[in-house]
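2 protein chains.
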Amino acid sequence: MAFENYTIKDIAKALNLSTSTVSRALRDSYEISAETKKLVMDYAQKINYRANPIARSLKERKSNSIGIIVTEIANNFFSQVIDGIESVAYSRDYQVVISQTHESSEREKLNVEHLFSRSTDGLLMAMSSETADVTYLRNLMERGFPIVFFDRVPSGIASHQVIADNRQGGLEAVNYLVAQGNKKIAHLTGAHNLSITTERLEGFKNGLTANNLPYFPELVKYCEYGGLLQEEIENAVNELAQHNYDAIFISGDKLTTGYLQAAMGSSDIDTDKIAIAGFTNSKVFNIFSPSITAIRQPAFEMGKRAAELLIEQIESKYPIDEFQTVVLPTTLIGRP
Amino acid sequence: MAFENYTIKDIAKALNLSTSTVSRALRDSYEISAETKKLVMDYAQKINYRANPIARSLKERKSNSIGIIVTEIANNFFSQVIDGIESVAYSRDYQVVISQTHESSEREKLNVEHLFSRSTDGLLMAMSSETADVTYLRNLMERGFPIVFFDRVPSGIASHQVIADNRQGGLEAVNYLVAQGNKKIAHLTGAHNLSITTERLEGFKNGLTANNLPYFPELVKYCEYGGLLQEEIENAVNELAQHNYDAIFISGDKLTTGYLQAAMGSSDIDTDKIAIAGFTNSKVFNIFSPSITAIRQPAFEMGKRAAELLIEQIESKYPIDEFQTVVLPTTLIGRP
DNA sequence: CTGAAAGCGCTAACAG
DNA sequence: CTGTTAGCGCTTTCAG
Chain A
-18 MAFENYTIKD
-8 IAKALNLSTS
2 TVSRALRDSY
12 EISAETKKLV
22 MDYAQKINYR
32 ANPIARSLKE
42 RKSNSIGIIV
52 TEIANNFFSQ
62 VIDGIESVAY
72 SRDYQVVISQ
82 THESSEREKL
92 NVEHLFSRST
102 DGLLMAMSSE
112 TADVTYLRNL
122 MERGFPIVFF
132 DRVPSGIASH
142 QVIADNRQGG
152 LEAVNYLVAQ
162 GNKKIAHLTG
172 AHNLSITTER
182 LEGFKNGLTA
192 NNLPYFPELV
202 KYCEYGGLLQ
212 EEIENAVNEL
222 AQHNYDAIFI
232 SGDKLTTGYL
242 QAAMGSSDID
252 TDKIAIAGFT
262 NSKVFNIFSP
272 SITAIRQPAF
282 EMGKRAAELL
292 IEQIESKYPI
302 DEFQTVVLPT
312 TLIGRP
Chain B
-18 MAFENYTIKD
-8 IAKALNLSTS
2 TVSRALRDSY
12 EISAETKKLV
22 MDYAQKINYR
32 ANPIARSLKE
42 RKSNSIGIIV
52 TEIANNFFSQ
62 VIDGIESVAY
72 SRDYQVVISQ
82 THESSEREKL
92 NVEHLFSRST
102 DGLLMAMSSE
112 TADVTYLRNL
122 MERGFPIVFF
132 DRVPSGIASH
142 QVIADNRQGG
152 LEAVNYLVAQ
162 GNKKIAHLTG
172 AHNLSITTER
182 LEGFKNGLTA
192 NNLPYFPELV
202 KYCEYGGLLQ
212 EEIENAVNEL
222 AQHNYDAIFI
232 SGDKLTTGYL
242 QAAMGSSDID
252 TDKIAIAGFT
262 NSKVFNIFSP
272 SITAIRQPAF
282 EMGKRAAELL
292 IEQIESKYPI
302 DEFQTVVLPT
312 TLIGRP
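Heads up: the sequence lines are chains A and B, in that order. Everything in the first sequence is counted per the working numbering, starting at -18 for the first residue and increasing by one. Everything in the second sequence is counted per the working numbering, starting at -18 for the first residue and increasing by one.
Below is the structure:
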């Protein structure tokens, strides 16, 4: 079913003007009389004229849309980041197109190419946990396609990046757990590939060191699918159960809830005895059982900053050569 | 920063063909020799040619994109619906653009108009709780713009609709609570305006009747912001606390978690004594405390069906005059 | 200040 | 089977 809308031509015809004059009036060009402008504006208003953004995009070689690539929108952290992105995108008149990788690097590549060929003006992305090779991204960026990374950032790519202070988050988590009297702290984390995995692990180690606690590699468990596969978490939990840990630091939203589910389902684990501190942006973590201490990332702010950097880069007349890395603080919220 | 891509013209020039021939080859038109087609295809492949979808959209008056309008993506139910929508949209080569109303009907109207003028080919939407007047939607649809509603559907608009069997869900919830030995059941629900509010309330009443229980209006509390304002829920919970109910049936995702939070925070409420059954699509409701019984909607399926209906309508050569209402069953998942 | 004309990249009559 | 041409709706030189 087709569908007709008013065009600039209709206005021109009705008002006995040329299309270029109408265009100028609408665009508020300086080379136009106040009179004509008002005439056009009023008429446009009356018929509820909307410029066809597709035609404009074609002409201007700019779509005024940006792509977002995340693991899943059904993730507290990412959905909050997206809200932050939208808040600045809308105010700057950019459309936002979201796509999900579900941690698959194949999906990720397809999505990037799709969004790219679909003429988005730039991309905001958090790497999928599976991704090891980022040369295709580097190629795209070298050809001038702007990409700003957030949260899960690649190494060896010159770009703006917005991340949380993951080391601080890990350190504080350990400090907190130790302050509660715990001595043997495990760590459940995501994929080896990810920047956040490395950084949070470093924070964890720093925390141990700061508290004169030894580091036991066997107390660190990686989940390569980052919580998307519950089985993976269960295996990790079972393995950890043999080590008699008294507290655990968990490195992500899905991992945290996944751990809780696994722990509740396991007879080996006395959930009352194990203190839990985990990265999560859930707004309902206070009704979780067993109760946990949350390490929160400033997700909304992260989205805002990333979007601002991206739009700035898109609208810059010159290629960017100085890239920023913005690091935002995490917050620890104790058990209620 | 601009950004150049290959065009059909580049291929034509390189191969000494006309642009139309190239276009035909790429589109796999029948009026083309196998030879030329291969030539073009190979070259296109080699330079990694991607058609400019904007140009194509302008020409074809079709953007191959659909809009989604929901309250929030940070809602288990909606994010699952979106996954369902995406699964069919991608396989049919449609782009998906998501926008959020946060229950504001003003936002909703802006979003609809934006998506509409932005040349999406159609819309999938769940009404915001604030919306009372839908004439602008009716106008749009009468002009031929396809909209399929899901979950929260308007009345008096001829359109495809996909909903859950909310009455059944309410009825089963009450049956379950009664079977557990409860006799005085409260109901916490969303905005008066919404179809789901009415339908779930009916299910609730049917359940009372079926179990020979009296209906007390004072045990039904509405939250006009549907859980987005925690204060509203707290008020409802406080009012209910005076009525000594022994079970409660809750009508939505955010309301359910909001109730739990309010109940945990209130000294008036003995959460151990009140059984809870609530609509929620949370995948982690089993770690909530107090524990609850979940009424689940087939969210993914709902998204799929709605998207299929929409795309069918978009691609139909004739105006649709027979609209379908698809009703999907809910599922009750008992306390673990 | 306004109009005519070209062109963004692609498709599709229409000729040949 | 292939090329020429026009045109989708809009912006933007270039003339006037």
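Glycine included, every Cβ here is placed at the ideal spot set by N, Cα and C.
Identify each residue in the segment 257 to 288 of chain B for which the Cβ-Cβ distance to at least one residue of chain A is less than 7 Å, and report them in chain order.
-> Only those residues of the segment 257 to 288 of chain B whose C-beta falls short of 7 Å from the nearest C-beta of chain A are listed: V265, N267, I268, F269, S270.
* Would DSSP call G151 (chain A) helix, strand or coil? -> Along the first sequence, read from residue 1 onward, the residue named residue 151 (chain A) stands at position 170. Three-state DSSP puts G151 (chain A) in a helix.
* To do: Would you kindly report the start and end of the unbroken beta strand (DSSP E) that includes T252 (chain A)?
  => Indexing the first sequence from 1 puts residue 252 (chain A) at position 271. First-last for T252 (chain A): undefined, no H or E at that position.
Taking 8 Å as the CB-CB limit, is A36 (chain B) close to chain A?
Residue mapping note: residue 36 (chain B) aligns to position 55 of the second sequence, counting from 1. A36 (chain B) counts as touching chain A.
_chain B residues whose Cβ lies nearer than 9 Å to that of N57 (chain A)_ = To locate residue 57 (chain A), count along the first sequence from 1; it is residue 76. Within 9 Å Cβ-Cβ: A55.
Practice task
Return the first residue and the last residue of the beta strand (DSSP E) that A55 (chain B) is part of.
Solution key: In the second sequence, counting from the first residue as 1, residue 55 (chain B) sits at position 74. No beta strand (DSSP E) contains A55 (chain B), which DSSP labels as neither H nor E.
Hey, how far is the Cα of E12 (chain B) from the Cα of S(-1) (chain B)? Counting from 1 along the second sequence, the entry for residue 12 (chain B) is found at position 31. Counting from 1 along the second sequence, the entry for residue -1 (chain B) is found at position 18. Near 14 Å, if we compare the C-alpha coordinates of S(-1) (chain B) and E12 (chain B).
Q) Taking 8 Å as the CB-CB limit, is T238 (chain B) close to chain A? A) Position 257 of the second sequence, counting from 1, holds the residue named residue 238 (chain B). Output row for T238 (chain B): interface = yes.
8 Å CB neighbourhood of M(-18) (chain A) in its chain, flanking five on each side removed:
To locate residue -18 (chain A), count along the first sequence from 1; it is residue 1. The predicted model places M(-18) (chain A) with a pLDDT of 40, which falls under 50 and marks its position as unreliable, so this point remains unresolved.
Worksheet item: Using a Cβ-Cβ distance under 8 Å, would V3 (chain B) count as near chain A?
Response: The residue labelled residue 3 (chain B) in the question sits at position 22 within the second sequence. No, no contact with chain A.
Can you pull the DSSP bridge partners for F260 (chain B)?
Translated into positions along the second sequence, residue 260 (chain B) becomes position 279. DSSP output for F260 (chain B) lists B:I276 as bridge partner(s).
Buried or exposed: P34 (chain A), going by 16 or more other Cβ atoms within 10 Å of its Cβ?
Sequence index remark: in the first sequence, residue 34 (chain A) carries index 53 (1-based). Classification for P34 (chain A): buried.
**Item:** Rounded C-alpha distance that separates N92 (chain A) from G188 (chain A)
**Value:** Along the first sequence, one-based indexing puts residue 92 (chain A) at 111. Along the first sequence, one-based indexing puts residue 188 (chain A) at 207. The alpha-carbon atoms of N92 (chain A) and G188 (chain A) are separated by roughly 38 Å.
Less than 8 Å separating the beta-carbons of E84 (chain A) and S60 (chain A)? Here residue 84 (chain A) refers to the residue found at position 103 when the first sequence is read from its first residue. Here residue 60 (chain A) refers to the residue found at position 79 when the first sequence is read from its first residue. Cβ atoms of E84 (chain A) and S60 (chain A): not closer than 8 Å.
Just the chain B side, please: which residues come within less than 7 Å of L189 (chain A) by C-beta, in chain order?
Here residue 189 (chain A) refers to the residue found at position 208 when the first sequence is read from its first residue. Per Cβ cutoff of 7 Å: no residues; L189 (chain A) is ~28 Å from chain B at best.
query: What did DSSP end up calling M(-18) (chain B) once you bin it into helix, strand or coil?
result: Within the second sequence, numbered from 1, the residue matching residue -18 (chain B) stands at position 1. Bear in mind that the predicted position of M(-18) (chain B) carries a pLDDT of just 41, short of 50, making it too unreliable to give a figure here.
task = Give a yes or no on whether the minimum CB-CB distance between Q26 (chain B) and chain A is below 8 Å.
result = Residue mapping note: residue 26 (chain B) aligns to position 45 of the second sequence, counting from 1. No, no contact with chain A.
- Member of A:G246, A:I231, A:E289 whose CA lies at the smallest distance from the CA of I276 (chain A): Within the first sequence, numbered from 1, the residue matching residue 276 (chain A) stands at position 295. Looking at the Cα atoms, A:I231 is the closest of the given residues.
For L39 (chain B) and A36 (chain A), I'd like the C-alpha separation in whole angstroms. Here residue 39 (chain B) refers to the residue found at position 58 of the second sequence. Here residue 36 (chain A) refers to the residue found at position 55 of the first sequence. If you take the alpha carbons of L39 (chain B) and A36 (chain A), they lie about 6 Å apart.
Determine the direct distance from the alpha carbon of G184 (chain B) to that of N219 (chain B), and round the result to whole angstroms. In the second sequence, the residue the question calls residue 219 (chain B) occupies position 238. In the second sequence, the residue the question calls residue 184 (chain B) occupies position 203. Their Cα atoms are separated by approximately 24 Å.
- [ ] In the DSSP assignment, find the beta strand (DSSP E) that holds H168 (chain B) and state where it starts and stops.
- [x] Here residue 168 (chain B) corresponds to residue number 187 of the second sequence, with the count starting at 1. H168 (chain B): member of the beta strand (DSSP E) spanning 166 to 170, first to last residue.
With a cut-off of 8 Å, does the C-beta of L182 (chain B) fall near any C-beta of chain A?
-> For this step, residue 182 (chain B) is matched to residue 201 along the second sequence. No, its Cβ sits nowhere closer than 8 Å to a Cβ of chain A.
### Query
Thinking C-alpha only, which one of B:H173, B:L96, B:Y75, B:H168 is nearest Y196 (chain B)?
In the second sequence, residue 196 (chain B) corresponds to position 215, counting from 1. Considering only alpha carbons, the answer is B:H168.
Margin query: Which residues in chain A have a C-beta closer than 7 Å to the C-beta of R31 (chain B)? List them in chain order.
Written below: The residue labelled residue 31 (chain B) in the question sits at position 50 within the second sequence. What R31 (chain B) touches in chain A: S98.
How is A32 (chain A) classed by DSSP in three states: helix, strand or coil? Your numbering for residue 32 (chain A) matches position 51 in the first sequence. Coil at A32 (chain A), not helix or strand.
Exercise. List the endpoints of the continuous alpha helix (DSSP H) containing V143 (chain B).
Key: The sequence position of residue 143 (chain B) within the second sequence is 162, counting from 1. Counting along the chain, V143 (chain B) falls outside any alpha helix (DSSP H), though it belongs to the beta strand (DSSP E) covering 142 to 145.
Q. Counting contacts by CB-CB distance shorter than 8 Å, is Q61 (chain A) in contact with chain B?
A. In the first sequence, residue 61 (chain A) corresponds to position 80, counting from 1. With 8 Å as the cut-off, Q61 (chain A) counts as an interface residue toward chain B.
Out of A:S247, A:D23, A:L105, which one is the CA nearest neighbour of Q294 (chain A)? Position 313 of the first sequence, counted from the first residue, corresponds to residue 294 (chain A). Per the Cα distances, A:L105.
L152 (chain B): contacting residues in chain A (beta-carbon distance under 9 Å)
Looking up residue 152 (chain B) in the second sequence gives position 171. Near L152 (chain B) there are no residues of chain A at all, since even the closest Cβ is about 27 Å away, more than 9 Å.
Exercise. Under 8 Å between C-beta atoms, does M106 (chain B) make it to chain A?
Worked result: If you number the second sequence from 1, residue 106 (chain B) lands on position 125. So no, M106 (chain B) is outside the interface.
DSSP state of K(-6) (chain A) mapped onto helix, strand, coil
Residue -6 (chain A) sits at position 13 when you count from the first residue of the first sequence. The answer is helix: DSSP assigns K(-6) (chain A) an H, G or I state.
### Query
Is the shortest distance between the beta-carbon of Q161 (chain B) and the beta-carbons of chain A less than 8 Å?
Here residue 161 (chain B) is taken as the residue at index 180 of the second sequence, counted from 1. Taking Cβ atoms only, chain A never reaches closer than 8 Å to Q161 (chain B), which makes this a no.
In angstroms, rounded to a whole number, what distance separates the CA positions of L209 (chain B) and L200 (chain B)?
-> On the second sequence, position 228 is the one that residue 209 (chain B) refers to. On the second sequence, position 219 is the one that residue 200 (chain B) refers to. When rounded, the distance between both Cα atoms is 21 Å.
Assuming the contact rule is C-beta atoms closer than 8 Å, A288 (chain B) and A25 (chain B) should be a hit. Round their C-beta distance to whole Å, please. For this step, residue 288 (chain B) is matched to residue 307 along the second sequence. For this step, residue 25 (chain B) is matched to residue 44 along the second sequence. A288 (chain B) to A25 (chain B), Cβ: 30 Å. No contact.
* Coil, strand or helix - K235 (chain A) by DSSP -> Counted from its first residue, the first sequence places residue 235 (chain A) at position 254. In the structure shown, K235 (chain A) sits in a helix (DSSP, three-state: H, G or I).
**Prompt:** Opposite V307 (chain A) in the DSSP bridges: which residues?
**Reply:** The sequence position of residue 307 (chain A) within the first sequence is 326, counting from 1. Paired residues: A:V143.
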